[in-house]
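Undergrad: This is the structure I want to talk about, given as structure tokens.
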């Protein structure tokens with residue numbers, strides 16, 4: 008392949024064709040072109056922590072971590088961390104001793120509404 012020399016007619020035509028073809032392309036959705044582009048920061052800081060939530064002392068991951076962080080945030084907003092901790096310790100003790108309740112909660116076949124009513128009954132007994 009022959010190399011094009013700068014300032015020759017072939018080179019000028021080649022550059023003009025490339026420049027013209029780049030400007031001629033239209034986006035498929037022009038309204039999306041006007042919106043600001045997402046710029047990511049560091050890989051660990053993709054989503055900032057919401058300002059109204061309290062950060063838990065340790066960082067947890069997965070579905071369990073998401074629920075634990077939400078519970079911690081809600082309890083700290085209401086300044087009820089010690090009450091929630093006592094309730095969770097009681098629930099943990101009941102789950103360790105009552106194997107039927109443990110199997111009932113872990114059973115994926117049962118409906119969620121049934122599990123919610125069972126947890127509410129257990130919570131009523133704890134109070």
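Residue numbers (the working numbering): 8 to 134.
Virtual Cβ for every residue (Gly too), placed ideally from N, Cα, C.
Using a Cβ-Cβ cutoff of less than 6 Å, which residues in the same chain neighbour residue 63 once the five nearest sequence positions on both sides are dropped?
TA: Numbered from its first residue, the chain shown carries residue 63 at position 56. Excluding positions up to five away in sequence, the list reads 76 and 79.
Undergrad: Just curious, the alpha helix (DSSP H) that residue 107 is in, first and last residue?
TA: Counted from its first residue, the chain shown places residue 107 at position 100. Where residue 107 is concerned, the enclosing alpha helix (DSSP H) stretches over 106 to 113.
Undergrad: Counting beta carbon pairs with one atom in the stretch 120 to 133 and one in the stretch 86 to 101, are three or more of them shorter than 8 Å?
TA: yes
Undergrad: Give the C-beta separation of residue 117 and residue 108 to the nearest angstrom, bearing in mind that I take them to be a contact with Cβ-Cβ under 8 Å.
TA: As a working mapping, residue 117 is identified with position 110 in the chain shown. As a working mapping, residue 108 is identified with position 101 in the chain shown. At roughly 12 Å, the Cβ-Cβ gap does not stay under 8 Å, so residue 117 and residue 108 are not in contact.
Undergrad: At what residues does the alpha helix (DSSP H) containing residue 128 begin and finish?
TA: One-based indexing of the chain shown puts residue 128 at position 121. Looking at the DSSP string, the run of the alpha helix (DSSP H) that includes residue 128 is 119 to 133.
Undergrad: Assuming the contact rule is C-beta atoms closer than 8 Å, residue 82 and residue 70 should be a hit. Round their C-beta distance to whole Å, please.
TA: Along the chain shown, one-based indexing puts residue 82 at 75. Along the chain shown, one-based indexing puts residue 70 at 63. That belief does not hold up - the Cβ atoms of residue 82 and residue 70 are roughly 19 Å apart, past 8 Å.
Undergrad: Whose C-alpha, out of 119, 94, 67 and 111, is nearest the C-alpha of residue 131?
TA: Within the chain shown, the letter at position 124 stands for residue 131. Residue 131 has its Cα closest to that of 94, out of 119, 94, 67 and 111.
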